[in-house]
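Take a look at the structure set out below.
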Amino acid sequence: MTTTNDPYAGTTEAQEAEERRTTEGPVYTVTGGDWDTIANSEHDERIVINLGPQHPSTHGVLRLVLELEGETVTQARSVIGYLHTGIEKNCEYRTWTQGVTFVTRCDYLSPLFTETAYCLGVEKLLGIEAPRRAQLGRILLMEINRIASHLVALATGGMELGALTGMTNGFREREVALHLLEHLTGLRMNHAYIRPGGLAQDFPEDWVEQTQYFIDWMEKYLPGYDKLLTGQPIWRQRLEDIGYLPVDGCLALGATGVILRSAGLPWDLRKTEPYCGYEEFDFDVPVLTEADCFARYKLRVAEMWESLKILKQCIKMMEPGPVMIADRKVAWPAQLSLGADGLGNSLEHVRKIMGQSMESLIHHFKLVTEGFKVPPGQVYTAVESPRGELGCHLVSGGGTRPLRVHLREPSFINLQTMPAMCEGGMIADVIAAVASIDPVMGGCDR
Amino acid sequence: MTDPGEGKEPGQSPSAERPGDDDLTAVEPSGRGAGDPLVLGHERAGMFGVHGTGDTSGFGGLRLPAYSPAPAERPYGGWFDDFADELLAAMAERGIPGDSIRQVTVDRGEMTLYVARERITDICSAMRDGDGLRFELCSSVSGVDYGEDVVDRLHVVYHLTSMTFRRRIRLEVSVSVEDAHVPSVVSVYPTADWQEREVWDMFGVIFDGHPALTRILMPDDWEGHPQRKDYPLGGIAVEYKGAEIPPPDTRRSYS
Chain A
-1 MTTTNDPYAG TTEAQEAEER RTTEGPVYTV TGGDWDTIAN SEHDERIVIN LGPQHPSTHG
59 VLRLVLELEG ETVTQARSVI GYLHTGIEKN CEYRTWTQGV TFVTRCDYLS PLFTETAYCL
119 GVEKLLGIEA PRRAQLGRIL LMEINRIASH LVALATGGME LGALTGMTNG FREREVALHL
179 LEHLTGLRMN HAYIRPGGLA QDFPEDWVEQ TQYFIDWMEK YLPGYDKLLT GQPIWRQRLE
239 DIGYLPVDGC LALGATGVIL RSAGLPWDLR KTEPYCGYEE FDFDVPVLTE ADCFARYKLR
299 VAEMWESLKI LKQCIKMMEP GPVMIADRKV AWPAQLSLGA DGLGNSLEHV RKIMGQSMES
359 LIHHFKLVTE GFKVPPGQVY TAVESPRGEL GCHLVSGGGT RPLRVHLREP SFINLQTMPA
419 MCEGGMIADV IAAVASIDPV MGGCDR
Chain P
325 MTDPGEGKEP GQSPSAERPG DDDLTAVEPS GRGAGDPLVL GHERAGMFGV HGTGDTSGFG
385 GLRLPAYSPA PAERPYGGWF DDFADELLAA MAERGIPGDS IRQVTVDRGE MTLYVARERI
445 TDICSAMRDG DGLRFELCSS VSGVDYGEDV VDRLHVVYHL TSMTFRRRIR LEVSVSVEDA
505 HVPSVVSVYP TADWQEREVW DMFGVIFDGH PALTRILMPD DWEGHPQRKD YPLGGIAVEY
565 KGAEIPPPDT RRSYS
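If you're matching them up, the sequences are chains A and P in order. Under this note's numbering, think of the first position of the first sequence as -1, with each following residue one higher. Under this note's numbering, think of the first position of the second sequence as 325, with each following residue one higher.
Now the structure itself:
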């Protein structure tokens, strides 16, 4: 090489060795197919590799830094923050109602849980309770969402371990769930359908048939997962006794949800601290004691069956009635209806506030632009999301905007268990362990 | 709990007849003086967010006093009294002075203990290990910034859960920006590790004794602590149909 300015000139081996040298040892960038450069180089057995944040097996933009001895992981650390979007701070600049639109974007696989936790918090601050039909509607939506979220956990987990049919099947079923959610709420995700005081509007007329169609579909196809995965030797060998975390480790590290229940503690907030009326439903909390990835997989499948049980009861229990509290000072003023150009404010409502009642117009304008005032104080509400305890810590200064919105995201907390599950195991098992934690980075980083 | 000796009066408290109650009142927190409330929240001025001159609408004259949570008095109601007795006993056993709890507030069915910051680790450890307490799980650690003009504006809020008794308790510590040091509770609740890192990252509270207090959500070389109230939200004005929509933190606010 004669000139350093020529970008196509290539580099000599001596120059490459010079570039690799750092205070921490030589650094290699391998992108696949060029592993020989490492294998042939002089080094000790200790290797630090970086996995992610853009990697198909790290469950989103999660970055793992692994220290290896051969193929054994001696230290594992996760690096997060790649999807931090400042949702909590943004909420401080919007009204309490607009906050729903933000928090629903945290955990994009279970948005309805975040909405419910937030709205239950706002309602507790206001000292109000949503009407029964709205509470049952929330349960219905959450359980559909739980099934959809668990399906993605199975599907992406399967994909990361090479079970590609598990992925295609999981997303096939999830598509039916999302179609149903779209039919009920208007959107596949980011619904903003659950509002302080109730729901944005009532379900469409044929919601029972559509929900029944989904239940029938799931009952037809859910047994297929047992055939495809549960009894399959390769799937079992990849998951059994992998990612072990006993119950004391779970409690110390704050892990909740499926991870805690796979270690034998039947802790499910739907049973232990019922909200929205879960105490009226007949369902079981599946618990296993193996505390490994396979137990977590089996629990997710079992929880989907329980969710279907809840859905069936919910259809029977829901009776006609209001879906938003009667207090006009809190209830969203819009009266939605389906027009020729889609869903929007009903023409009668617009005609009334624009043409007949000045007071209605003022009321509508004030409530939409200014919002309602929330008495000062703080609350913490928690719901059982597919990943564990989803808490919402709300602080009000007495105004129309939150002073602080904090989400206790189970993805964030549970991800702390990754080193405890992975260190001492093989590098391939890291992928299985992370998949069994099922972190959603949108929720983790917020 | 703010009034020493109050629990001794028979009939006022359901726990009055408890054996050893006299010993407990010796460590009953003294609280703060009546004229010295734990100020929370900032005074709100100007309905449309206009400060200084420039507002001729009259709305700028609106003044709302700061909200300060009222101290609760015994009986607190429900299981709170039993819990308070257990906690005081556990604190006495461990030699934690009673005035480490500066104030007790019961609001909306939730109990908040305002704790002196140097005692937070001891109290967490008593909460976790006390026989009648058993707060095994630290659900959440979050920071709250109450605004620039508030004394001790940075708060760290701990939500502890007792899975044995199915109870939740909130502990709260407040510090000033100039001296934002809080002892870390990672040695008691390892799950607080990332949560304290997040509070450091977002609010700049330094947790003494934390194993590795580094930024967690923002890049390592970031300057400032984004969720403080004096940190701008950012954003740019957007033009829509000829009108310019200002970024959210410069739009007019109503409170």
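The beta carbon of each residue, even a glycine, is placed where N, CA and C say it ideally should be.
| Check | Outcome |
| --- | --- |
| Which residues of chain P have a Cβ atom closer than 7 Å to the Cβ of V393/A, listed in chain order? | V468 |
| Could you spell out the range, first to last residue, of the alpha helix (DSSP H) harbouring D35/A? | The displayed chain sequence assigns Thr, not Asp, to residue 35/A. First-last of the alpha helix (DSSP H) with T35/A: D34 to A37. |
| Let's see if you can read the secondary structure: which residues bound the alpha helix (DSSP H) around V206/A? | W205 to Y219 |
| Rounded to the nearest angstrom, what separates S409/A and K218/A at their Cα positions? | 30 Å |
| Consider the Cβ of V377/A: report whether some Cβ of chain P lies at a distance smaller than 8 Å. | yes |
| Given a threshold of 16 other Cβ atoms within 10 Å of its Cβ, counted over all protein chains shown, does P54/A qualify as buried or as exposed? | exposed |
| Would you say Y438/P reaches chain A, if we count a Cβ-Cβ gap shorter than 8 Å as a contact? | no |
| Excluding the 5 residues flanking D443/A on each side, which residues of the same chain have their C-beta closer than 6 Å to its C-beta? | I78, G79, L81 and H82 |
| Quick one: Cα of G454/P to Cα of E203/A, how far? | 54 Å |
| Count the other CB atoms, across all protein chains shown, that sit within 10 Å of the CB of T20/A; report buried if there are 16 or more and exposed otherwise. | exposed |
| Near V174/A, what residues of its chain come up, given a Cβ to Cβ distance below 7 Å and the 5 sequence neighbours on each side ignored? | F212 and W215 |
| Hey, could you find the ends of the beta strand (DSSP E) F531/P is sitting in? | I530 to D532 |
| Kindly indicate which three-state DSSP category A115/A falls into: helix, strand or coil? | helix |
| Just the chain P side, please: which residues come within less than 8 Å of H82/A by C-beta, in chain order? | L541 and M542 |
| As a quick exercise: from Q354/A, N88/A, P320/A and C390/A, pick the residue whose alpha carbon is nearest that of A128/A. | P320/A |
| Is the shortest distance between the beta-carbon of D550/P and the beta-carbons of chain A less than 8 Å? | Reading the sequence as shown, one finds Pro at residue 550/P and not Asp. Judged by the 8 Å Cβ criterion, P550/P is in contact with chain A. |
| According to DSSP, is G229/A helix, strand or coil? | coil |
| Indicate whether Q354/A and N343/A have their beta-carbon atoms separated by less than 8 Å. | no |
| Count the other C-beta atoms from every protein chain shown that fall within 10 angstroms of the C-beta of I36/A, then say buried if there are 16 or more, exposed otherwise. | exposed |
| DSSP three-state label for C416/A, please. | According to the sequence shown, residue 416/A is Met rather than Cys. Helix. |
| Quick one, are the C-beta atoms of R494/P and E563/P less than 8 Å apart? | no |
| Give me the DSSP bridge partner(s) of Y482/P. | V465/P and L495/P |
| I want to see whether chain P comes within less than 8 Å of P374/A, judged by CB atoms only; does it? | yes |
| Throw me the rounded Cβ distance for the R458/P and T488/P pair, which I believe falls under 8 Å. | 4 Å |
| Using 10 angstroms around the beta-carbon of P466/A, count the other beta-carbons present and answer buried if the total reaches 16, otherwise exposed. | Examination of residue 466/A is not possible in this model, given that chain A is present from -1 through 444 alone. |
| Indicate whether at least one CB of chain A lies closer than 8 Å to the CB of H534/P. | no |
| Return no unless some Cβ of chain D is closer than 8 Å to the Cβ of S577/P. | Here chain D cannot be found, since the structure's protein chains are A and P. |
| Per DSSP, what kind of secondary structure is M187/A in: helix, strand or coil? | coil |
| Please determine, among I308/A, M316/A, V63/A and R193/A, the residue with the shortest C-alpha to C-alpha distance to Q52/A. | V63/A |
| Can you tell me where the beta strand (DSSP E) with E67/A in it begins and where it stops? | R61 to E67 |
| Going along the region 257 to 274 of chain A in order, which residues come within less than 7 Å of chain P, judged by CB to CB distance? | W265, T270 and E271 |
| Measure the alpha-carbon distance for P349/A versus A132/A and round it to whole angstroms. | Here residue 349/A turns out to be Arg, not Pro, going by the sequence shown. So the alpha carbons of these two residues sit roughly 28 Å apart. |
| In whole angstroms, what is the alpha-carbon distance linking G155/A and M451/P? | 38 Å |
| Under 8 Å by Cβ, that's how I've got C104/A and P400/A pegged, so tell me the actual separation to the nearest angstrom. | Not a contact, Cβ separation roughly 15 Å. |
| Using only the alpha-carbon positions, how far apart do R172/A and G471/P sit? | 44 Å |
| For the region 449 to 466 of chain P, enumerate the residues whose C-beta is nearer than 7 Å to any C-beta of chain A, in chain order. | E460, L461, C462, S463, S464 and S466 |
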